[in-house]
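A short write-up of the structure that comes next.
Number of protein chains: 2
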Amino acid sequence: MKLDTIIAPIDGDLKKFEVHFRRALRSNVGLVDAVVRYIVKRKGKRIRPALVLLAAAATGGISEGTFRGAALVELLHTATLIHDDVVDDADTRRGWPSINAIWKNKVAVLLGDYVLSRGLLLSLEHNDIAFLRSTSTAVKRMSEGELLQIQKSRQLRNDEETYFQIIGDKTASLLATCCEIGALSATEDPDIVARLRSYGENLGIAFQIRDDILDYTGSATALGKPVGGDLKEKRFTLPLIHAFGKAPSSERKDVLRRLKRGVGRKDIDEIHRFVDRHGGIAFAVKTAEDYRDRAIAQLDLLPDSEAKRSLVDLADFVVSRKK
Amino acid sequence: MKLDTIIAPIDGDLKKFEVHFRRALRSNVGLVDAVVRYIVKRKGKRIRPALVLLAAAATGGISEGTFRGAALVELLHTATLIHDDVVDDADTRRGWPSINAIWKNKVAVLLGDYVLSRGLLLSLEHNDIAFLRSTSTAVKRMSEGELLQIQKSRQLRNDEETYFQIIGDKTASLLATCCEIGALSATEDPDIVARLRSYGENLGIAFQIRDDILDYTGSATALGKPVGGDLKEKRFTLPLIHAFGKAPSSERKDVLRRLKRGVGRKDIDEIHRFVDRHGGIAFAVKTAEDYRDRAIAQLDLLPDSEAKRSLVDLADFVVSRKK
Numbered sequence: 001m002k003l004d005t006i007i008a009p010i011d012g013d014l015k016k017f018e019v020h021f022r023r024a025l026r027s028n029v030g031l032v033d034a035v036v037r038y039i040v041k042r043k044g045k046r047i048r049p050a051l052v053l054l055a056a057a058a059t060g061g062i063s064e065g066t067f068r069g070a071a072l073v074e075l076l077h078t079a080t081l082i083h084d085d086v087v088d089d090a091d092t093r094r095g096w097p098s099i100n101a102i103w104k105n106k107v108a109v110l111l112g113d114y115v116l117s118r119g120l121l122l123s124l125e126h127n128d129i130a131f132l133r134s135t136s137t138a139v140k141r142m143s144e145g146e147l148l149q150i151q152k153s154r155q156l157r158n159d160e161e162t163y164f165q166i167i168g169d170k171t172a173s174l175l176a177t178c179c180e181i182g183a184l185s186a187t188e189d190p191d192i193v194a195r196l197r198s199y200g201e202n203l204g205i206a207f208q209i210r211d212d213i214l215d216y217t218g219s220a221t222a223l224g225k226p227v228g229g230d231l232k233e234k235r236f237t238l239p240l241i242h243a244f245g246k247a248p249s250s251e252r253k254d255v256l257r258r259l260k261r262g263v264g265r266k267d268i269d270e271i272h273r274f275v276d277r278h279g280g281i282a283f284a285v286k287t288a289e290d291y292r293d294r295a296i297a298q299l300d301l302l303p304d305s306e307a308k309r310s311l312v313d314l315a316d317f318v319v320s321r322k323k
Numbered sequence: 324m325k326l327d328t329i330i331a332p333i334d335g336d337l338k339k340f341e342v343h344f345r346r347a348l349r350s351n352v353g354l355v356d357a358v359v360r361y362i363v364k365r366k367g368k369r370i371r372p373a374l375v376l377l378a379a380a381a382t383g384g385i386s387e388g389t390f391r392g393a394a395l396v397e398l399l400h401t402a403t404l405i406h407d408d409v410v411d412d413a414d415t416r417r418g419w420p421s422i423n424a425i426w427k428n429k430v431a432v433l434l435g436d437y438v439l440s441r442g443l444l445l446s447l448e449h450n451d452i453a454f455l456r457s458t459s460t461a462v463k464r465m466s467e468g469e470l471l472q473i474q475k476s477r478q479l480r481n482d483e484e485t486y487f488q489i490i491g492d493k494t495a496s497l498l499a500t501c502c503e504i505g506a507l508s509a510t511e512d513p514d515i516v517a518r519l520r521s522y523g524e525n526l527g528i529a530f531q532i533r534d535d536i537l538d539y540t541g542s543a544t545a546l547g548k549p550v551g552g553d554l555k556e557k558r559f560t561l562p563l564i565h566a567f568g569k570a571p572s573s574e575r576k577d578v579l580r581r582l583k584r585g586v587g588r589k590d591i592d593e594i595h596r597f598v599d600r601h602g603g604i605a606f607a608v609k610t611a612e613d614y615r616d617r618a619i620a621q622l623d624l625l626p627d628s629e630a631k632r633s634l635v636d637l638a639d640f641v642v643s644r645k646k
């Protein structure tokens, strides 16, 4: 099933979301407005707002609060992307020139701060304190997760427990927040809110494991980026961690030696075979499916609806996607 | 009077503030903790926390909430500095190597996000919503002010009204927030809170005008940076704007020509004489003193106290400082 088909039930709401998003960014400063118009034009796939909307639709219905929550997470996400492009010195984003490429780094960083502050103010104006609490927790977890990942790469090691901490923090935390905010905007039942949050967390973990598998098995053409990127960054993801637990010491030493000096095309192929030989890919596929099942189980109590079926399909989609 | 003498009455409280600040940043991730320890060690002058503490002491007394408010503004300010160093590719900050120089850009940006999220969470945990509202407004105004300044430099023009909008937003907004938060933590009287906020806003404007004067008249040795930086950046500050309003068209054209092609040492001296000849410096000095008086007038209703006298002295200090 394609992603577009899965989120089709909320197509109209996503259009309404765009109005809220644009309104939240309005400014009297000409330069700000010029960059904002550019940001709105080259919009992304709006996965996070879609998740907020689906979570609300499945737990009581979309309200004005849902749109504000969706705008908050997308504003935060947009601010992060703008800053990321500065750090990575990226010239393009989504096929368009990056903001730093057009307006320079200083403008890009300030614009990121501006977008973030508008998100905070939007929530504060409407007393959406629970939204802010969830979002701030996600920001903390995302930065800590990325930093823990860097620490582990520099130490050239990782274990399963730390791997799950990293991907939970860096990836799952924001998806958990999206689902929590959607539910908060639609129901006052704390159990349902907690279950939707847990759905998002498990969905995010399944998503990231799949991402890490595709870095071994994916097609560079489909992914739009070269495979083996994690090995180049010395990242120990689940397939490699599992293989390390099974392989004899001599083979482990050989892999470590290659990672330490920096991997080329030949090393990547060699390590891929090592991982496969010790069942790393199969184990990761199985684990991702376990997390998908846990995500779907959180939806059990919800009455049947188009939105609920979309959330189930989404969980299936993230563990079977080829890109 | 020296700055250290002015803030001496709250020396003990500033030490207590450090404990709150450090506690707010604690992390279980080793890499995060290493950078945080470094941030705490190379601490700055703590001007903003001092302002929060003085505002509270002058309006009812310092409480636990005051320390949280001071931590919030300093966490925000710290996050901004970390990101600024990445944008400016700065190798040092306060005489110490910058975080990006030691740990690389990626770590610095993530750490900035982490510090910001801890500030938000600190306030959300204690339901300090009014603090957050004030702080988020300051972040919005700071980014808009800086962006408007960049826009005006690119257009190679400015007027008095826009100049006051720029410095109000980029500089005064955060000082207004510091004083507002201090008062909010000490009194429930909305009039006193508004007056302290206004004190901070006027103080900030006076401070920035003085800064802009020193860019013409200051000593590079005292300032620790070369003078004429604003002209190099094509920034029209108050002395120049005033001189433009008085000078004949031929002289204005000459200055514009120099700014357009980029100024050297000789151009800076020439424009300095132009500004002085048309009374730009004297006008700016007088205007800064007007804003100092407006700041001090906001304190009229407060009972006499050591903290109140410090706030008065601080306003005198900002318009008479040589660096």
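Chains as they are written, first to last, in the working numbering: chain A, 1 to 323; chain B, 324 to 646.
The C-beta atom is built at its ideal place from N, Cα and C for all residues, glycine as well.
Only those residues of the segment 451-464 of chain B whose C-beta falls short of 8 Å from the nearest C-beta of chain A are listed: I452, L455, R456, S459, T460, V462, K463.
A Cβ-Cβ distance of about 6 Å is found for the pair A/E233 and A/S153, placing them in contact under the 8 Å criterion.
At least one CB atom of chain B sits nearer than 8 Å to the CB of A/G30. In the DSSP assignment, B/D592 falls within the alpha helix (DSSP H) that extends over 588-600.
Flagged as an interface residue toward chain A: B/E469, by a C-beta distance shorter than 8 Å. With fewer than 16 other Cβ atoms from the protein chains shown falling within 10 Å of its own Cβ, B/K338 counts as exposed. Contact check for B/L497 against B/L637 fails: the beta carbons are separated by 8 Å or more. Under a criterion of Cβ atoms nearer than 7 Å, no residue of chain A is adjacent to B/Q531; the nearest Cβ is some 17 Å distant. Of all alpha-carbon atoms in A/L75, A/I271, A/I39, A/I241, the one lying nearest the alpha-carbon of A/E161 is that of A/I241. Put simply, the CB of A/R46 is far from chain B, with every gap to its CB atoms at 8 Å or more.
Per DSSP, B/A413 lies in no alpha helix (DSSP H) and is assigned neither H nor E. The beta carbons of B/C501 and B/R371 sit about 5 Å from each other, so the pair counts as a contact at 8 Å. Rounded to whole angstroms, the separation of the alpha carbons of B/D336 and B/L447 is 23 Å. For B/F567, the closest of B/D553, B/K583, B/F597 by C-alpha to C-alpha distance is B/F597. Taking the C-beta atoms as reference points, B/L582 is found nearer than 8 Å to B/L479.
Proximity of A/L14 to chain B, defined by a Cβ-Cβ separation below 8 Å, is not satisfied. Counting only Cβ-Cβ distances below 7 Å, A/H83 has contacts in chain B at V432, in chain order. The C-beta of B/T415 has fewer than 16 other C-beta atoms within 10 Å across all chains shown, which makes the residue exposed. B/P571 carries a coil assignment under DSSP once its states are collapsed to helix, strand and coil. Comparing alpha-carbon positions, the option among A/L51, A/V29, A/A8, A/R23 lying closest to A/E201 turns out to be A/L51.
Across the segment 97-108 of chain A, CB contacts with chain B closer than 7 Å involve N105, K106, V107, in sequence order along the chain.
With 16 or more other Cβ atoms from the protein chains shown falling within 10 Å of its own Cβ, B/G603 counts as buried. Under the three-state reduction of DSSP output, B/P626 falls in the coil class, being neither helix nor strand. For B/P562, the three-state secondary structure derived from DSSP is helix. One Cα belongs to A/P97, the other to B/V396, and the distance between them is close to 34 Å. By the Cβ-count criterion, B/V358 is buried, with 16 or more other Cβ atoms from all chains shown falling within 10 Å of its own Cβ.
Boundaries of the alpha helix (DSSP H) harbouring A/P190: 190-217, taken from the DSSP string.
Judged by DSSP in its simplified three-state form, A/P226 adopts coil rather than helix or strand. Using a CB distance cut-off of 8 Å, B/V410 counts as an interface residue toward chain A.
Using a Cβ-Cβ cut-off of 7 Å, B/S350 is close to E144 of chain A, given in chain order. In terms of Cβ geometry, B/A453 and B/D535 do not form a close pair [threshold 8 Å].
Here B/L398 is near B/L439, since their CB atoms are less than 8 Å apart. For B/L634, no chain A residue has a C-beta closer than 9 Å to its own C-beta; the minimum C-beta separation is roughly 27 Å. With fewer than 16 other CB atoms across the displayed protein chains lying within 10 angstroms of its CB, B/T328 is exposed.
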